[in-house]
Amino acid sequence: MDIHDVSDTPQYVQVLLDQQAKLRDAQAHKGQRPARTARAQVILEFQLNLMASRGKVTAGGQQTSFIRSSFVPPPYPPCVVSLSDLKKTMINDLLLETHHRGTYLLVRSVTPQDRMTAVMAIVEDEKGDVLMVQLYHQGDDEDGGAEDILVEGMVLILKEPYLKLMSDGNYGLRVDHLSDVVFLSANDERIPSSWKRESAGQNTALAWKTKGNSYSKKSAYRSAIEWYNRRYDAALSDVESAMTTATVGGKPAEKALFRKAEALYSLERYRECCEVLKELCLAYPDNTSAKTQLTRAVSRLAEQTNGRYPFKQLHAETARLRPPLLDHATYIGPVSVQAAGPRGRGLFTTRAVKAGELLFCEKAFAHAFVDKEEGRGFDTTMLIDLENGGTMGAQSDLINMTVRKLYQNPSLIPIITSLHRDSYQPVDATEVDGQPVVDTFLIRRIIALNSFGCPLSTLTSHRQRQRQPNPTPEKEEDGDGGGGDSGVFHSCGLWPTASLINHSCAGTNARRAFVGDLLVARATRDLAPHTELTWWYQPPGPDNYAQRREKLQRNWGFVCDCAMCEDEQGTSKASLDKRRGLAAGLGAYLSSLGQGPHQKGGGGESGDAVAARIEAVLGAMAATYSRPASEVPRLAVWEAMQGALMTALGMRAGHRQEVQPRRVVKLLLAALGSLGYVIEGGVSGTMVVRQWGLLVDGVMGCWMLLRDAYCLAAPELVVPAEGYARTAYRMVFGEDETFETYGEA
Ligand SMILES: C[S@@+](CC[C@H](N)C(=O)[O-])C[C@H]1O[C@@H](n2cnc3c(N)ncnc32)[C@H](O)[C@@H]1O
1 MDIHDVSDTP QYVQVLLDQQ AKLRDAQAHK GQRPARTARA QVILEFQLNL MASRGKVTAG
61 GQQTSFIRSS FVPPPYPPCV VSLSDLKKTM INDLLLETHH RGTYLLVRSV TPQDRMTAVM
121 AIVEDEKGDV LMVQLYHQGD DEDGGAEDIL VEGMVLILKE PYLKLMSDGN YGLRVDHLSD
181 VVFLSANDER IPSSWKRESA GQNTALAWKT KGNSYSKKSA YRSAIEWYNR RYDAALSDVE
241 SAMTTATVGG KPAEKALFRK AEALYSLERY RECCEVLKEL CLAYPDNTSA KTQLTRAVSR
301 LAEQTNGRYP FKQLHAETAR LRPPLLDHAT YIGPVSVQAA GPRGRGLFTT RAVKAGELLF
361 CEKAFAHAFV DKEEGRGFDT TMLIDLENGG TMGAQSDLIN MTVRKLYQNP SLIPIITSLH
421 RDSYQPVDAT EVDGQPVVDT FLIRRIIALN SFGCPLSTLT SHRQRQRQPN PTPEKEEDGD
481 GGGGDSGVFH SCGLWPTASL INHSCAGTNA RRAFVGDLLV ARATRDLAPH TELTWWYQPP
541 GPDNYAQRRE KLQRNWGFVC DCAMCEDEQG TSKASLDKRR GLAAGLGAYL SSLGQGPHQK
601 GGGGESGDAV AARIEAVLGA MAATYSRPAS EVPRLAVWEA MQGALMTALG MRAGHRQEVQ
661 PRRVVKLLLA ALGSLGYVIE GGVSGTMVVR QWGLLVDGVM GCWMLLRDAY CLAAPELVVP
721 AEGYARTAYR MVFGEDETFE TYGEA
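If you read the sequence shown in full-length UniProt numbering, its first letter stands for residue 1, the second for the next number, and so on.
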């Protein structure tokens, strides 16, 4: 959702078509023996490419944007056979485009690694035959090769090797599943003795230690702490078993307690973490770090339990941290998972919920950030998936992160593999040779169906847009530093609870906002208990029915049957054409306003005359709908009114004083009405929202304009209008602590 889908973008369509053609060509070679190239030439070519790619990274510098491409091959399952049941094979026996099931290769790296979207090196077997190997999902792409996964001389076993023709016509071994490669330590008895003698001591724990050290030298993006702490599952069980034996004077060792608390914190088990830290503080009262950690864990537990967050502080942290991974807890409010008929599972309210109330605030399971500060270059990846089309952004990083996090913390696997995966059939094994099995293609599919594109924060994205010369209510993408409140984004993440919410165009009753890697979900209407929550996967527009339907079908495999979709299908072409014609005519009329010498309407009309004309066209547009706006929101009317309102309020043409304030109020109420708002009163005396309408971009601004219009037309309604504006703000931005700053760029 909100991912930058480039499947229909002409310049990328050609890339996709080319890749499809190459795949077909490659498959025509399936089972063939590859033409062998001399060992020396293979190594030389690789080293020349390595030098060229390292040069490119340096020359790229900070200012240019860098687009890589990552190609997803047809899915294939990981090896689930124990190594002891596989037969050894040799490079010379491998056939093109073939998965060599039932066999394994023992190889040694003979070059340094190169790093594009995979870790690459040339490997040899015991006969000295060589081949390029590409290991996917090992380490972070953004390291740019800093991390040594494949140290020269390292020996590895590739289970059920897959020899693939690559897009440049070369061939090599492609490994997509982490459990399909086994890195051997220097003293492993499976290493041939001749190799052992040659490279004594190189490819061992030392190499892994070096990896940790190289992290320690980098300040940004991936800190050493993160690397060392990643295996939380293992850390926890190690500490727990050590604690059963290691005691000091009858009490658990100080360090063990501390480590246990750290692992529990990382696994977001804050209650248990607090208990351990309390025990630590009692047993070792001089341990000041434990006290600090306890305060931190207590704050997380409070967030997790009551859903109260210091949002201004979250914004400050988001501005400071790169990537914006916030140290805050997930809160799951009044929602639960239930069956949702043909939509599969869905998320439902467990009690009555008021419009604007917090449903949940979820920390990303994995979050891949593309830094797009204004005026700076950025790196992004085009992910080419022949089954699912092309996306631009950090999706391939997100797959990497998720696969690795699961591989290193198997207790977390069910959180992700239980998400919607459509018809993908995963292998029926969770472990092989004591290693977890994580099917990369399953994760890829789950991410395609369940991940969200996201800005740095919804608020910064909105403000960035406000700074543009002609801010529009909605903008298609943030690729050029913009990004609407509901645009598409290159950064992305996986939020397991949020991904249980189904789509509806007209019935949408929840909205997501982002603050760093937190997804804040709020109700956009008053909801009865046991109401299914829905939001947009594709936002509806006044005239995007066909496009929306096509994208929902292609990306998520369903056809929306909401009232708006049904209505569009049932409306005659004549009515739709009439509606479009009226909207276009109104647009042309509005843009002609203010162009004359007296800054008035094209015919020199007064402001009230202009307003009367606008009202007449809007009335005619409304007549093209057969169902009330409270059932089928009228987005074409809403959009036309946006222009009309700006005119009426003098934003474009300086008619402000000439249109009666009451008339402005009525226009604003009619605009909200077109979105399905049912508002009682509203002209003077009282104003109560009986039903909230569709929360499209611009609604918040409309409420603020209404508040301002009331200052002149009905001062007694300023306070209630501001209250509704605040609620709308909370829905759009996830919080209202920054409400007073609205309008600041
Ligand atoms: C992100 S998942 C949502 C949760 C999913 N229903 C589940 O059971 O896990 C997206 C999938 O939900 C289903 N879905 C979502 N909205 C739907 C709708 N309005 N009609 C039919 N199916 C829908 C589709 O199968 C879609 O690919």
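Just so it is clear, CB atoms sit at the ideal spot from N, CA and C, and this is done for glycine as well.
Start and end residues, alpha helix (DSSP H) containing His420: The sequence position of residue 420 within the sequence shown is 420, counting from 1. Unbroken run through His420: none, as it is neither H nor E.
Within 8 angstroms, strictly: CB atoms of Pro324 and Asp517: Counting from one through the sequence shown, the residue named residue 324 turns up at place 324. Counting from one through the sequence shown, the residue named residue 517 turns up at place 517. In contact: Pro324 and Asp517 (Cβ atoms closer than 8 angstroms).
Backbone secondary structure at Asp143 - three-state DSSP: Locating residue 143 in the sequence shown gives position 143, counting from the first residue. Residue confidence for Asp143 is low, a pLDDT of 44 falling below 50, so the modelled location carries little weight and cannot support an answer.
DSSP three-state assignment for Ala256, whether helix, strand or coil: Stepping through the sequence shown from its first residue, residue 256 is reached at position 256. Three-state DSSP puts Ala256 in a helix.
Whole-Å CB distance - Leu165 paired with Ala38, under 8 angstroms assumed: In the sequence shown, counting from the first residue as 1, residue 165 sits at position 165. In the sequence shown, counting from the first residue as 1, residue 38 sits at position 38. Between Ala38 and Leu165 the Cβ distance is about 19 angstroms, and since that is not below 8 angstroms, they are no contact.
Cβ-Cβ separation, Ile149 to Gln138 (assumed contact under 8 angstroms), whole Å: Taking the first residue of the sequence shown as 1, we reach residue 138 at position 138. Taking the first residue of the sequence shown as 1, we reach residue 149 at position 149. About 5 angstroms; that satisfies the 8 angstroms criterion.
Thr380 classed as buried or exposed, judged by whether at least 16 other C-beta atoms fall within 10 angstroms: As a position in the sequence shown, residue 380 is number 380, starting the count at 1. Buried: at least 16 other Cβ atoms inside 10 Å.
Anticipated Cβ contact below 8 angstroms, Leu96 with His29, distance rounded: Translated into positions along the sequence shown, residue 96 becomes position 96. Translated into positions along the sequence shown, residue 29 becomes position 29. Rounded, the Cβ-Cβ distance is 5 angstroms, consistent with contact.
Check whether Met90 and Asp125 have beta carbons under 8 angstroms apart: Numbered from 1 along the sequence shown, position 90 holds the residue referred to as residue 90. Numbered from 1 along the sequence shown, position 125 holds the residue referred to as residue 125. A contact, by the Cβ cut-off of 8 angstroms.
Ala510 Cβ short of 7 angstroms to ligand 1 heavy atom set: Translated into positions along the sequence shown, residue 510 becomes position 510. No.
Every unbroken beta strand (DSSP E) inside the region 333 to 373 [3 residues or more]: 335 to 339, 345 to 349, 358 to 363 and 366 to 368
Arg300 versus Ser411 - alpha carbon distance: Walking along the sequence shown from the start, residue 300 turns up at place 300. Walking along the sequence shown from the start, residue 411 turns up at place 411. Those two C-alpha atoms are separated by around 21 angstroms.
Alpha-carbon to alpha-carbon, Pro74 and Ala498: To locate residue 498, count along the sequence shown from 1; it is residue 498. To locate residue 74, count along the sequence shown from 1; it is residue 74. Each residue's Cα considered, the two are about 28 angstroms apart.
Beta-carbon separation (whole angstroms), Met700 vs Arg511, contact threshold 8 angstroms: The residue given as residue 700 occupies position 700 in the sequence shown. The residue given as residue 511 occupies position 511 in the sequence shown. Contact doesn't hold; Cβ gap of about 11 angstroms is too wide.
Limits of the unbroken alpha helix (DSSP H) element including Phe441: Translated into positions along the sequence shown, residue 441 becomes position 441. Residues Thr440 to Asn450.
Helix, strand or coil at Thr741 according to DSSP, with G and I counted as helix: Along the sequence shown, one-based indexing puts residue 741 at 741. If DSSP states are grouped into helix, strand and coil, Thr741 belongs with the helices.
Option nearest Phe71 by Cα separation, candidates His420, Tyr136, Lys87 and Leu705: Looking up residue 71 in the sequence shown gives position 71. The candidate whose alpha carbon is nearest that of Phe71 is Tyr136.
Residue(s) in a DSSP beta bridge with residue 749: Residue 749 lies beyond the range of the chain shown here (1 to 745); nothing can be said about it.
Assigned exposure category for Cys560 - 16 Cβ within 10 Å defines buried: As a first step, residue 560 is located in the sequence shown; it is residue number 560 there, counting from the start. Buried.
Cross-strand partners of Ile384 (DSSP beta bridge): One-based indexing of the sequence shown puts residue 384 at position 384. Per DSSP, Phe71 and Gly390.
Start-to-end residues for the beta strand (DSSP E) that takes in Gly681: Numbered from 1 along the sequence shown, position 681 holds the residue referred to as residue 681. Unbroken beta strand (DSSP E) run through Gly681: Val678 to Gly681.
Short Cβ contact (8 angstroms threshold) for Leu667 with Cys702: The residue you call residue 667 lines up with position 667 of the sequence shown. The residue you call residue 702 lines up with position 702 of the sequence shown. No, they are not a contact pair.
Beta-bridge pairing of Leu494 - partner residues as DSSP gives them: Counting from 1 along the sequence shown, the entry for residue 494 is found at position 494. The partner list for Leu494 (beta bridge, DSSP) reads Ala366.
Selection from Ala364, Arg663 and Thr430 that minimises the alpha carbon distance to Ser82: Walking along the sequence shown from the start, residue 82 turns up at place 82. Comparing Cα-Cα distances from Ser82 to each of Ala364, Arg663 and Thr430, the minimum goes to Thr430.
Where the alpha helix (DSSP H) through Thr89 begins and ends: Your numbering for residue 89 matches position 89 in the sequence shown. It is not in any alpha helix (DSSP H) - Thr89 instead sits in the beta strand (DSSP E) that spans Lys87 to Thr89.
Contacts around Met651, its chain only, beta-carbon distance under 7 angstroms, and the 5 residues preceding and following it disregarded: As a first step, residue 651 is located in the sequence shown; it is residue number 651 there, counting from the start. A caution first: Met651 carries a pLDDT of 47, below 50, which makes its placement in the model too unreliable to give a value.
For Met166, the three-state DSSP class (helix, strand or coil): Within the sequence shown, residue 166 is the residue found at index 166, counting from 1. In this structure, Met166 counts as coil in the three-state DSSP scheme.
C-alpha gap between Met401 and His367, whole angstroms: Numbered from its first residue, the sequence shown carries residue 401 at position 401. Numbered from its first residue, the sequence shown carries residue 367 at position 367. Each residue's Cα considered, the two are about 8 angstroms apart.
Euclidean distance between Cα positions of Val678 and Asp608: For the purposes of this step, residue 678 is identified with residue 678 of the sequence shown, where counting begins at 1. For the purposes of this step, residue 608 is identified with residue 608 of the sequence shown, where counting begins at 1. Near 26 angstroms, if we compare the C-alpha coordinates of Asp608 and Val678.
Distance, Thr531 Cα to Leu347 Cα: As a position in the sequence shown, residue 347 is number 347, starting the count at 1. As a position in the sequence shown, residue 531 is number 531, starting the count at 1. About 8 angstroms.
Check: Pro342 C-beta below 7 angstroms from any heavy atom of ligand 1: For this step, residue 342 is matched to residue 342 along the sequence shown. Yes - ligand 1 has a heavy atom lying nearer than 7 angstroms to the Cβ of Pro342.
Start and end residues, alpha helix (DSSP H) containing Leu321: As a working note, residue 321 is residue 321 in the sequence shown. From DSSP, Leu321 is part of no alpha helix (DSSP H); its letter is neither H nor E.
Where Val353 falls, given that 16 or more other Cβ within 10 Å makes a residue buried: Residue numbering aside, residue 353 sits at position 353 when the sequence shown is read from its first letter. Under this definition Val353 is a buried residue.
Ala448 versus Leu500: straight-line alpha-carbon distance, rounded: In the sequence shown, residue 448 corresponds to position 448, counting from 1. In the sequence shown, residue 500 corresponds to position 500, counting from 1. Cα to Cα, Ala448 sits roughly 14 angstroms from Leu500.
Run of the alpha helix (DSSP H) containing Tyr104, from where it starts to where it stops: Position 104 of the sequence shown, counted from the start, is the residue given in the question as residue 104. Run containing Tyr104: none in the alpha helix (DSSP H); it sits in the beta strand (DSSP E), Thr103 to Ser109.
Any non-hydrogen atom of ligand 1 within 7 angstroms of Gly389 CB: As a working mapping, residue 389 is identified with position 389 in the sequence shown. No, the beta carbon of Gly389 sits no closer than 7 angstroms to any heavy atom of ligand 1.
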